[in-house]
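These protein sequence lines map, in sequence, to chains A and B.
For the first sequence, the working numbering assigns the number 1 to the initial residue and increments by one for each residue that follows.
For the second sequence, the working numbering assigns the number 1001 to the initial residue and increments by one for each residue that follows.
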Amino acid sequence: MTIRSLTLLSLGVGIASVLALLVGLRSIGGVLALVQLCGLVGAPLALILNRQLRSRSVVAVLSVALSIGMSALAAQSLIWFDLATRPALVATATAYGLVLALLLAERDAAEGTGRARELDA
Amino acid sequence: MTSTIERPAEATTEAVSRSPQITQSPMLGIGVALGALGLLLAIVAARTTDFADVDGYGLISAFPQTYWFGVAAATVASALLLWSAPRSPRFVGAAVPALWIGVLHTAPQLAHAWARFSIVYIHLGFIDVIDDTATGDILIDARFAWPGFFGLFVPVLADLDPQVLDWLMRLWPTGITIATAVLVGALARRSYPNRPLIGSVSALVFIVLSWTGQDYFSPQSLGFLLYLAIVIVIESGPLRPQGSWSSVAPILSRFATAGGDRAEARQPASFVALLILGFGAIASHPLAPFFICAGLAMLGFYGRTVAWRLLVILGFSYLLWVYVAAQPWWGPRLEELTGQFGSFFSNFESSTEERTALSSPEHLVVAQVRTWVGLATFLSTLFLGSLMAADRFRALRPTLPLAPLAGIPVLAAALQSYGGEIIIRVLLFTLPMASILVARMLLAVPRSVMPLMVPVFMAALTPAFIVARFGNESFEMTTEADYQAVQVLYEEMQPGTMLIADNSFLPWGTQNRHTHDHLYSRAEISEAWLADLQAKAIERGNDDILVVFTPSQSAFLEHVESAPPDSLDRVGEWMATQPGVRVVAQGGGAWVLGVDVPDEVDPDADASGIVSAVGS
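The following block contains the structure:
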């Protein structure tokens, strides 16, 4: 599993969930939202940290924690503006995760030195 | 086993050692089989538990013997698996904690008719409010000042089938326990990189000491997970030679220098992750950010510069959040809240003695077991911290400042009583690091004894765990009668209906929190009390009153308030004879009663004792 494939998976599940919620397939949308908001949104970032964490189980838990943390922030920002509808929540959390994954993965790839920097510390 | 509630007339409702090589493989296989059997027995026992047997001691009185056979099988299985650990360290390291999570944390959750603990249902109601209004209202409940946790579950849970939702709520504590145990194990491995099995044994100690019950579907459970995730990300750097910071703080260094100082992770991705985890906590819970900031300060003292940077950002954001987002709630209560500031002993008392002032003898035993287990955890942390500070025992020092991290949460007790729950929250955040220290001592025994000693430790603590963790089940469980009474209440409710319960131990609040206030009033066999209810309804402009009494509410009164058994059943019987009162549904110790609202208020009526759940 690569960061790129996880990012694409998150995008796909996010879109599918939003569409399902919009057309009224609430059960399917809800299950997809569960996977997305509680596991996938933060997965790319967790995988970037795999180099230093060096533990699959910790990366998996961190993926859940980051996903829930990011989704909570998305929910909070929408609640501030009275816009916390189901599709908007999934779309915003997905967007947060994607933007961060793209920015950090790009930087990680450009430097290619995450491990070296860590050892320099 | 279950009780039902019926409407009168037409209405009805409806869970290392190297032994001789010749025995290693069979031991692993037998261990796995025995472990599976133990888990199965525990689950079967839980599902066949008779609620009628749950008394003031909680589940321990009601569990059939099968559960204890399951515990015995899990104990023997753990010994066999640990004996096989040198051959399959990864499998054993995961399997033994998983087995005990299943036996101690999952199985008891399956013993109830519906998911346990009334607050879970209130939290589901907050999700319903956000789903209906696309926002949250702090004047409905103070917890809407931190709505991130509830908001994120709107697309997931709002439309779920009640049965599926029920199973998700039952399994949430297991999920949280697995996730936090994984992080505790990882922190243990980083604290003692050269000790085999330290991760698994630390996770085991954490599992059996984790009786605080804060793992239910709640922002607190998430805040705790985020706290541990923050520590693990900070502590993911490599070890570096000792001396950089420890020469600056020689006293502090006595608690954490074995093998060198740990450099914190410095990747940009790490810092972004830390910010997300920290802000996720700030948006979701009022107390978790305090513990996170306290932990960051302690890590900062131990040379983790990233902890200082993060502390400044999160600390400032946390204060700003409280000042702005929660102002509508704390504004009118400022004097009351600040009055508790610095009152350590008073806050401690409100978490201990005051909570048991009127307890039944059984509930007092449960409270005492909790106190002793908690006290033993605090004292063993203090003892082990002091021990490792001595030069003679420097080999026990971890690379993480475990004892200081375990001790710093105590500061929270000086802030406020947190509704009498501050000590339990302090203990929650103390447990992970304390568990690692205790595990290190367990691993100090000879290797030939360890595979036996650890399972015996688990088995010996299991009864205390069951009493401390599930000792309040008489009122924290959700019986069929509890659940059905609330369903009838919501079916009968009309716009303008005032909802009344005696206390909060019922599964209500799941819907219409924003349209119908859910109020509490201590029920009495008294016409004056009925008049008070009517006065409150007139004052609020309600044209009807629905009162709900359930067995769990009665059990709370019996075991915490020294009321006679089934006291609300008697109030219900009396109310049914009063003019202007109609029985909507009754059965199994539960009552749903309608009370007419007259046009004029009784001049002697006093509605001030009828309080809303707002701000709870």
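Where is the CB? At the ideal position from N, CA and C, for every residue including glycine.
Quiz item: Using the beta-carbon of each residue, which ones in chain A are nearer than 7 Å to Leu-1160(B)?
Solution: Gly-30
Exercise. Note down, in chain order, every chain A residue with its Cβ under 7 Å from the Cβ of Ala-1681(B).
Key: No answer is possible for residue 1681(B): it lies beyond the span of chain B, which begins at 1001 and ends at 1616.
Self-check item: CB contact check: Gln-1065(B) to chain A, cutoff 8 Å
Solution: no
Quiz item: Where does Asp-108(A) sit, in a helix, a strand or coil, going by DSSP?
Solution: helix
Quiz item: In chain order, what residues of the same chain have a beta carbon less than 7 Å from the beta carbon of Leu-1204(B), not counting five sequence neighbours either side?
Solution: Val-1096, Pro-1097, Trp-1100, Val-1454, Met-1458
Exercise. Could you tell me which uninterrupted beta strand (DSSP E) segments, each at least 3 residues in length, are contained entirely in the stretch 1545 to 1616 of chain B, listed from first to last along the chain?
Key: 1581 to 1587, 1590 to 1596
Practice problem: Using 10 angstroms around the beta-carbon of Val-1369(B), count the other beta-carbons present and answer buried if the total reaches 16, otherwise exposed. | Solution: buried
Quiz item: Can you tell which of Asp-1128(B), Met-1027(B), Glu-1421(B), Val-1184(B) has the C-alpha that lies nearest to the C-alpha of Val-61(A)?
Solution: Val-1184(B)
Quiz item: Exposed or buried, what is Gly-1331(B) when buried is set at 16 or more other beta-carbons lying within 10 Å of its beta-carbon?
Solution: exposed
Quiz item: Within this structure, are the beta carbons of Arg-86(A) and Ala-1283(B) separated by less than 8 Å?
Solution: no
Quiz item: Is any beta-carbon of chain B found at less than 8 Å from that of Gly-69(A)?
Solution: yes
Quiz item: CB Trp-1591(B) to CB Phe-1549(B), shorter than 8 Å?
Solution: yes
Practice problem: Starting from Ile-1122(B), find everything on chain A with Cβ-Cβ shorter than 8 Å and list it in chain order. | Solution: Under the 8 Å cutoff, chain A gives no residues; its nearest Cβ is about 18 Å from Ile-1122(B).
Quiz item: For Glu-1473(B), does the count of other Cβ atoms within 10 angstroms reach 16, so buried, or fall short, so exposed?
Solution: buried
Quiz item: Listing by chain order, which chain B residues have their CB less than 7 Å from the CB of Ser-57(A)?
Solution: Val-1182
Quiz item: Who are the near neighbours of Val-1201(B) in its chain, counting only those whose CB is closer than 7 Å to its CB and skipping five residues on each side?
Solution: Ala-1439, Leu-1442, Leu-1443, Val-1454
Exercise. Would you identify the three-state DSSP class for Tyr-1121(B), choosing helix, strand or coil?
Key: helix
Exercise. Answer with yes or no whether the minimum CB distance from Thr-1371(B) to chain A is below 8 Å.
Key: no
Quiz item: How about Tyr-1302(B): is its Cβ closer than 7 Å to a heavy atom in the ligand COA?
Solution: You won't find the ligand COA in this model; it holds no ligand whatsoever.
Exercise. Compute the distance between the beta-carbons of Gly-69(A) and Leu-1277(B), then report whether it is under 8 Å.
Key: yes
Quiz item: How many angstroms separate the CA atom of Asp-1132(B) from the CA atom of Val-1312(B)?
Solution: The straight-line gap from Cα to Cα measures roughly 37 Å.
Self-check item: Residue burial classification, Glu-1558(B) (beta-carbon count within 10 angstroms, cutoff 16)
Solution: buried
Quiz prompt | Any chain B beta carbon closer than 8 Å to Thr-85(A) | solution = yes
Self-check item: Classification of Tyr-1323(B) by the beta-carbon crowding that lies within 10 angstroms, buried from 16 upward
Solution: exposed
Exercise. Could you tell me if Asn-1512(B) is buried or exposed, where buried requires 16 or more neighbouring beta carbons within 10 angstroms of its beta carbon?
Key: buried
Quiz prompt | Continuous beta strand (DSSP E) stretch holding Ile-1500(B): start and end | solution = 1497 to 1501
Quiz item: Using 8 Å as the limit for Cβ to Cβ distance, is Gln-1267(B) near chain A?
Solution: yes
Quiz item: Hey, Ser-71(A) and Leu-21(A) are a contact pair by Cβ (cut 8 Å); roughly how many whole angstroms apart?
Solution: That pair is no contact at about 15 Å.
Quiz item: Taking the DSSP output, what are the residues bridged to Thr-1478(B)?
Solution: Trp-1114(B)
Quiz item: Which whole-angstrom value describes the C-beta separation of Phe-1091(B) and Ile-1127(B), a residue pair presumed to lie in contact below a C-beta threshold of 8 Å?
Solution: Not a contact, Cβ separation roughly 38 Å.
Quiz item: Among Pro-1268(B), Ala-1468(B), Arg-1582(B), Phe-1271(B), which one has its Cα closest to the Cα of His-1363(B)?
Solution: Ala-1468(B)
Exercise. Could you confirm whether any beta carbon from chain B is found closer than 8 Å to the beta carbon of Val-13(A)?
Key: no
Quiz item: Are the beta-carbon atoms of Ala-91(A) and Ile-1130(B) separated by less than 8 Å?
Solution: Cβ atoms of Ala-91(A) and Ile-1130(B): not closer than 8 Å.
Self-check item: Neighbourhood of Pro-1409(B) by C-beta distance below 6 Å, restricted to the same chain and skipping five residues each side
Solution: Phe-1291, Val-1426, Phe-1429, Thr-1430
Quiz item: What number of angstroms, rounded off, separates the C-alpha of Leu-1080(B) from the C-alpha of Gly-1471(B)?
Solution: 31 Å
Quiz item: Taking 8 Å as the CB-CB cut-off, is Ile-1138(B) touching chain A?
Solution: no
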